[in-house]
Structure formats: C-alpha cells, structure tokens
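This report refers to the structure that appears directly beneath it.
Residue numbers (my numbering), protein chains in the order written: chain A, 1 to 304; chain B, 1001 to 1173.
Rendered as structure tokens:
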C-alpha cells in the first residue's frame, strides 16, 4: 500500500469490500434490490435496444454467417439450386421478408399445436459478463407475457421467459448450460432430460434404462404441470449421435437443436396451455421422396 | 481525486455500459462475446492512482451488477472488481511498465479482463452459482481476451483521451 496515506487506502478497501459483501448478503437474504434495479434498467434499455436492433441487425447477421460457415459448406451445392430459384423472385426488403417468413412459420407451428401465442422480435442478446445465454424480446407483461412461459421459434423450442418488464422480456436460451427440459422420444414413451451445453449441441440423458435411442430420433417436450415452464409437444431437437458407454446407468446421446439460436429474429411466447397434448403432431415430417422405376426397352440389335 | 472527477468518470463508464448492452452485445462474435465495458474499465483502473483504482473498481462493478441480463447477486461484480482494483493499487509501479508501450498495454488489458472474469466465476462458485462447465467458461474467458486484444487498439486511444479530458487541470500536471 502507499507509504503516504496507506491507512486511508486500507480503510477505503475495507469499506468497499464490506459494502460489496453487504449488497451480496442483502440480495441472497431475499431483499429484491437487484430485481427492481435491473427491471428499471431493462425498461430504459428496451427502447434504446429496439432502435439499435434495426440499425445493427445486418452486422449481427453477418457475424453469425461467418460463424456458421463451416457447417454451411456441405449445403452449398443444395443451396446453389435454391439460389437460382430465389434470383427470379423480386425481393423488396430481405430483412422484413425474412422476419415475416419466420413469423408465419412460428404462427404455423403454434397453430398446429393449438398454442395461444404472442409473437415478438429479438432485440438483444445477453452480454459476456453475465455468463448466461439470453435474448431480449420486444414484448412484455403488457402483451400478456409472464415469467416461466415457453418461447418457440418456427422450428421448435427456443427457451423460457426468465424475467418480464412492461414492454420487454428476457428469455433464457435452451443452449445455456443451466437449462434442462424433460423430453420424450417422438413415437415412443421413452423419456429423458435434455440439457444445454453452451452451443447448438445438447445432451440427452434417457431415464428409461430399457429404452432405445437411434440417430434421427425426434425429441419433443414432455410438458410441465399447467404448462409452466414448458408446454407439451414442442420439438426440442434430433438425436445426432448415440454415446455407447456400458458403465453408464443412463443412456446418453448428442442432440442437435431444432431451432438455430444464432439466427432467430422472430419468436413466439406461448401464453396459454393447449387444451390437449399435441403429442407428435409438431414433429417435422420427412419430405416425401419420388422413386422412379425404369424398365430398359430391348435394343434393336438384340432383336436381330 | 476530486468528487467531480468521480462523478464524471462514473458517467463515462455508464455511457460505455449502455453502448456495451445495446450495441456490442448484439454482435455474434465467433467463439464467444466481447466486453468493451470491461476493457474500458481496466484501462481506467490501470491509469488511476491507488485509491482511484479501488473506487472505480467498485463503481464499475456496481454498474456491471445492474445489467438487465445478469442473474448474479447485486454486489458480486463490485466485489470482484474491487479485488482487481486492489491488485492494481498494490502493484502500481509494476503496472506502469505495461502501460508505457501500446502492445504491452493491450496484452495487459486482455490478460486482466480474463483475470476479472475468472475472479467473478470463483466468487460465483463460492456463492453456489452454476456458470456451466469448465470448457464453457474457458471459451467465454478466452474469446473475451482474444477480442479485447484484437478490437481494443481501435478504442484504447479514445478511452485514454476521454479519461484525460475528465481530469482537472491540476490532476493533469
């Protein structure tokens, strides 16, 4: 410590450390100081975030494109065909059209599951300092959203509402390492738990020791009591590889998430539980393939 | 250190925090995100005198604690950054060696950002928080340091200039 004024610095250090510990103790004892301050900050920031979300969305999209480049490489050939088709279409505003399509597909998924939903735009993502994977959406309690509601995208589960203000909500993404959801393998009664791993890969732990997991199995949410925090039937992901470990009590598998959380722009919050469990109605159906049988006609030379 | 400078610097940190939460957080950086706010705070702490490093560590931490997406108890970042401020204050002379050259200063900011995040995680573990697996935490800390090193050359002169502008004439001498 400094030779001159060393005592003063030491006193200051003790004072600041005690203040920090006092605040932490208050928070852990249930004095909701942080909650009310953060709620106020969210309310103030959501209007600024809404503005910047419009201005900076191309930058965010560009960086996620770079990030997904490796995964996308294998699909280039397939996409090139689609690009030729898309070139012929007159695109007025790519960003708006993209969001509209996402919205349409989200509402389509919600309609098939008979969920009553509130659509919302993603206006921000959680910062590094929080160590939590979250997004902020532009709908809040004034739209009928409350804590612990399921959030879905056009492809399936996105996460769960963590906190709500009047005009925005924070959603904990399913990729967060603390996120866990009870799932059922579509078409069977085998149940398990899917947990986030920080990326677009998830871990499935099958609770049924006799059950069988296969690559390509679709997983749907089992649902919670009264549909909170999870409504039943929402697609969660697809089994991408099965981990075979004889010493393990539970069967584990790697799962690829149904929703690409890097690219979501529009989501829907399920505000009321469906009247009946949609079971496997929302599981993506494989597109039908056309098989062509060709019978070779006898060649003229053979008939001679 | 005058009260007006404490107020000015706190307001500057608040502005950087708003930029961090509304703009920087929106960008999907490869590997993981980057905290402009943490880097700016560390620049200020490393240039402050002893009691300044402690005070701004605490204030800077409190501002981070009010982040809307944070789940940690209020005061955890304040405690972590007060500890960082203390480490800065007791090693004031050694830190001077790093701040002399821009490259060393950048490396120093990157490493200290990682150290701050690490202290935060350790405090969180002591308070019973689940911040995910080691690899998840490592990817966050590593990415933050990497992006700090690559991006901060753009902002380092600006932060130093603003800090200097916030000082009174007497403090500048």
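Using N, Cα and C, we set each Cβ at its ideal position, and we do this for glycine too. Quick caveat: nothing in here was measured; it's all calculated off a predicted structure.
Residue state for residue 162(A) is assigned as strand, using DSSP reduced to three classes. DSSP, reduced to helix, strand and coil, places residue 231(A) outside both helices and strands of the structure shown, so it counts as coil. Looking at the DSSP output, residue 124(A) bridges to 136(A). The beta strand (DSSP E) runs of length 3 or more contained entirely in the stretch 200-266 of chain A are, from start to end of the chain, 201-206, 218-221, 235-243 and 251-257. Contact holds between the stretch 222-242 of chain A and the stretch 144-154 of chain A, because three or more Cβ pairs, one in each stretch, are under 8 Å apart. The C-beta of residue 1134(B) has fewer than 16 other C-beta atoms within 10 Å across all chains shown, which makes the residue exposed. Residue 1094(B) has a beta carbon lying at 8 Å or more from every beta carbon in chain A. Nearest Cα to residue 28(A) within the set 1071(B), 1139(B) and 1090(B): 1071(B). Contact annotation: residue 1089(B) and residue 9(A) have beta-carbon atoms nearer than 8 Å.
With respect to chain A, the C-beta atom of residue 1133(B) has a partner C-beta closer than 8 Å. The Cβ of residue 151(A) sits no closer than 8 Å to any Cβ of chain B. Residue environment for residue 282(A): buried (at least 16 other C-beta atoms within 10 angstroms of its C-beta). Sequence-distant partners of residue 1006(B) (beyond 5 residues in either direction) whose C-beta falls short of 7 Å from its own C-beta, in its chain, are 1055. Counted as a single uninterrupted DSSP element, the stretch harbouring residue 171(A) is not any alpha helix (DSSP H) but the beta strand (DSSP E) occupying residues 169-173.
Residues of chain B whose Cβ lies closer than 9 Å to the Cβ of residue 125(A) are, in chain order, 1025, 1026, 1027, 1028, 1033 and 1069. Closest option to residue 35(A), judged by alpha-carbon separation, among 1034(B), 1049(B), 1039(B) and 1065(B): 1065(B). Under the three-pair Cβ rule at 8 Å, the stretch 136-149 of chain A does not count as touching the stretch 1070-1086 of chain B. In the DSSP secondary-structure assignment, residue 191(A) is bridged to 184(A). When rounded, the separation of the alpha-carbon atoms in residue 159(A) and residue 265(A) is 14 Å. Contact between residue 124(A) and residue 1067(B) does not hold, since their C-beta atoms are separated by about 11 Å, which reaches or exceeds 8 Å. Among the residues of the stretch 1136-1149 of chain B, those with a Cβ less than 8 Å away from any Cβ of chain A are 1136, 1137, 1139, 1140, 1143 and 1144, in the order of the chain. Nearest CB-CB separation between residue 216(A) and chain B: not below the 8 Å threshold. Residues of chain B with a Cβ closer than 8 Å to the Cβ of residue 28(A) are, in chain order, 1073 and 1127.
Residues of chain B whose Cβ lies closer than 7 Å to the Cβ of residue 132(A) are, in chain order, 1069 and 1071. In chain order, 1065, 1066, 1067, 1068, 1069, 1070 and 1074 make up the part of chain B whose C-beta sits under 9 Å from the C-beta of residue 38(A).
Using a Cβ distance threshold of 8 Å, residue 231(A) and residue 184(A) do not count as a contacting pair. Here residue 150(A) is bridged, per DSSP, to 160(A). Fully contained in the stretch 1016-1104 of chain B are the following alpha helix (DSSP H) runs of length 4 or more, in chain order: 1036-1047, 1050-1065, 1076-1090 and 1092-1099. Within the model, the alpha-carbon separation for residue 165(A) versus residue 136(A) is close to 11 Å.
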